[in-house]
Amino acid sequence: MSPAVRKHLIIFTLLLSIGVIASVTFSSSHAITKRAGSLNMDTGLLQTGDIVFRKGISLVSRMVLAADGSSPYSHTGIVVKKGDSLFVVHSVPAESKEEKDVIKTEPLNEFLLKDRAEAAAVYRLKNALPEASKKKILQFVLYHSKNMTPFDDSFDLKDDNKLYCTEFVWKAYLQAGIDLIDSKFDNLNLPIGKGEQILPGSLLRSQYLKKILISTK
Numbered sequence: 011m012s013p014a015v016r017k018h019l020i021i022f023t024l025l026l027s028i029g030v031i032a033s034v035t036f037s038s039s040h041a042i043t044k045r046a047g048s049l050n051m052d053t054g055l056l057q058t059g060d061i062v063f064r065k066g067i068s069l070v071s072r073m074v075l076a077a078d079g080s081s082p083y084s085h086t087g088i089v090v091k092k093g094d095s096l097f098v099v100h101s102v103p104a105e106s107k108e109e110k111d112v113i114k115t116e117p118l119n120e121f122l123l124k125d126r127a128e129a130a131a132v133y134r135l136k137n138a139l140p141e142a143s144k145k146k147i148l149q150f151v152l153y154h155s156k157n158m159t160p161f162d163d164s165f166d167l168k169d170d171n172k173l174y175c176t177e178f179v180w181k182a183y184l185q186a187g188i189d190l191i192d193s194k195f196d197n198l199n200l201p202i203g204k205g206e207q208i209l210p211g212s213l214l215r216s217q218y219l220k221k222i223l224i225s226t227k
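Residues in the sequence shown are numbered from 11 upward in steps of one, following this note's numbering.
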């Protein structure tokens, strides 16, 4: 995790209520214990461009859930299918000592590892896109994956050189002319981010998306 993200989280933790702090502490203690395997999901239904959400168990995830309040999920990414294999492209703070705070591509089963997630769901556009529009989304996703665009720990929607998870998904679909949130941003005044933001709950409420899958233990 970058120093900036760590600083935001430390300050934000101090501002949380006693009840939320207790919840975060309890959840975080469980996150330390590795749990084997991945969440189960009928992956045969998935296709490129699907949006996958997960409820993380890390401290960062609990902060997002506390700030959002309207979403059961704390993180999101975009599915890319290569042959018979499924991957998720997502922007996230480093999840191990070997990683950096960048947009990365990883197999779906790693994205759903139980030492990272306790629930997940997949959403898809209600109306099918023309192939040309799908291509624009995929080009955006693969470009930022290839270039390992840094995670945006300033949560600045105006900066395209860094992207955070929901910003990445939103801007990917903008390439196809689809504003998933109809420019109805969340306005936060918290150390984790100030001004206009996009929280997972905003994407989940999108009138353009439908839920197609949920995970099982």
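Virtual Cβ for every residue (Gly too), placed ideally from N, Cα, C.
If we call anything under 8 Å between Cβ atoms a contact, is L219 one with I61? Numbered from 1 along the sequence shown, position 209 holds the residue referred to as residue 219. Numbered from 1 along the sequence shown, position 51 holds the residue referred to as residue 61. Yes.
Take the Cβ of A138 as the centre, count every other Cβ of all protein chains shown within 10 Å, and call the residue buried at 16 or more, exposed below. Reading the sequence shown from its first residue, position 128 is the one you call residue 138. So A138 counts as exposed.
* Are there 16 or more other CB atoms within 10 angstroms of the CB of L213, so buried, or fewer, so exposed? -> Position 203 of the sequence shown, counting from 1, holds the residue named residue 213. It counts as buried.
**Prompt:** Between which two residues does the beta strand (DSSP E) carrying A138 extend?
**Reply:** On the sequence shown, residue 138 is found 128 positions in, with the first residue counted as 1. Run containing A138: none; DSSP gives neither H nor E here.
Assigned secondary structure, K124 (DSSP; H/G/I helix, E/B strand, else coil) | Your numbering for residue 124 matches position 114 in the sequence shown. K124 falls in the coil class under three-state DSSP.
- Report the three-state DSSP secondary structure of P82 (helix, strand or coil). Taking the sequence shown and counting its residues from 1, the one referred to as residue 82 is at position 72. If DSSP states are grouped into helix, strand and coil, P82 belongs with coil.
_Where G87 falls: helix, strand or coil (DSSP)_ = The sequence position of residue 87 within the sequence shown is 77, counting from 1. Looking at G87 - three-state DSSP - the assignment turns out to be strand.
Query - Which residues DSSP lists as bridging P210, in chain order - result: Numbered from 1 along the sequence shown, position 200 holds the residue referred to as residue 210. Paired residues: none, contrary to the question.
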